[in-house]
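When we follow our numbering, the leftmost residue of the sequence shown carries the number 184, and every step to the right adds one. C-beta atoms are modelled at their ideal positions from N, C-alpha and C, and glycine is treated no differently. Working notes, structure below.
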Amino acid sequence: MVEPHNGEQAEESGDVVFLLGEMRNREKWTSFMQNVKKNQPDHVRVTMYTIEGDPIIHELIYDGTLFQSTYDATRDKYGSREEITTNTCKGLELTKIERGESVYVLTDCEKQNGFYIPSL
184 MVEPHNGEQA
194 EESGDVVFLL
204 GEMRNREKWT
214 SFMQNVKKNQ
224 PDHVRVTMYT
234 IEGDPIIHEL
244 IYDGTLFQST
254 YDATRDKYGS
264 REEITTNTCK
274 GLELTKIERG
284 ESVYVLTDCE
294 KQNGFYIPSL
């Protein structure tokens with residue numbers, strides 16, 4: 184798989200991409216969520232871009248019971264995280280946050296609750 188650097192490369196490699204408030208490859212996310220509801224193993228890679236255009240990659244692997252989460256912000260030049268964070272979680276829930284926006288949040292995790300994924 185090509186290591187994505189920009190939105191087009193990430194989209195072509197099959198990532199769900201969040202760029203400029205737009206979600207690309209939405210069908211990949213929809214398919215992943217449908218498989219989760221059926222307790223069928225699946226995985227998805229989400230690439231979000233900062234305002235400066237740096238990619239933050241969040242990979243979710245679902246084994247039918249648990250979510251393995253890998254959050255990689257090492258390419259974010261302006262971010263405070265310089266490492267790759269992994270977590271194991273039992274749930275993935277759609278939650279409303281400020282301004283009425285909805286996000287997916289990993290819940291019941293070994294470490295702190297997981298990172299959120301926007302819902303567009």
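Give me the Cβ distance between residue i and residue j, rounded to the nearest whole Å; I'm assuming they're in contact under 8 Å.
| i | j | result |
| --- | --- | --- |
| Ala190 | Tyr232 | According to the sequence shown, residue 190 is Gly rather than Ala. Contact holds; Cβ gap of about 6 Å. |
| Thr230 | Asp198 | 4 Å |
| Pro301 | Val288 | That pair is no contact at about 11 Å. |
On a Cα-Cα basis, can you pick out the residue from the options that is closest to residue i?
| i | options | result |
| --- | --- | --- |
| Ala193 | Thr278, Glu235, Ile240, Gln217 | Ile240 |
| Cys272 | Thr278, Tyr261, Thr257, Lys294 | Lys294 |
| Pro224 | Thr257, Glu242, Thr248, Asp237 | Thr248 |
| Glu242 | Gln217, Lys221, Arg282, Trp212 | Trp212 |
| Pro238 | Lys221, Lys220, Thr257, Tyr245 | Thr257 |
| His226 | Ile244, Gln217, Ser196 | Ile244 |
| Tyr261 | Asn222, Glu195, Gly236 | Gly236 |
| Val200 | Phe215, Arg228, Leu277, Thr278 | Arg228 |
| Leu277 | Cys292, Glu210, Met216 | Met216 |
Leaving aside the five residues before and after residue i along the sequence, list all residues of the same chain whose C-beta is less than 6 Å from its C-beta, in chain order.
| i | result |
| --- | --- |
| Asp255 | Ile240, Ile267 |
| Asn218 | Asp225 |
| Asp246 | Pro224 |
| Gly283 | none |
| Asn222 | Gly247 |
Taking C-beta to C-beta, are residue i and residue j nearer than 9 Å?
| i | j | result |
| --- | --- | --- |
| Leu275 | Thr253 | no |
Spatial neighbours of residue i within its chain, please: C-beta separation below 8 Å, excluding the five flanking residues on both sides.
| i | result |
| --- | --- |
| Thr269 | Gln251, Ser252, Thr253, Tyr254 |
Leaving out five residues before and five after residue i in sequence, what residues of the same chain have Cβ atoms less than 7 Å from its Cβ?
| i | result |
| --- | --- |
| Ile280 | Val286 |
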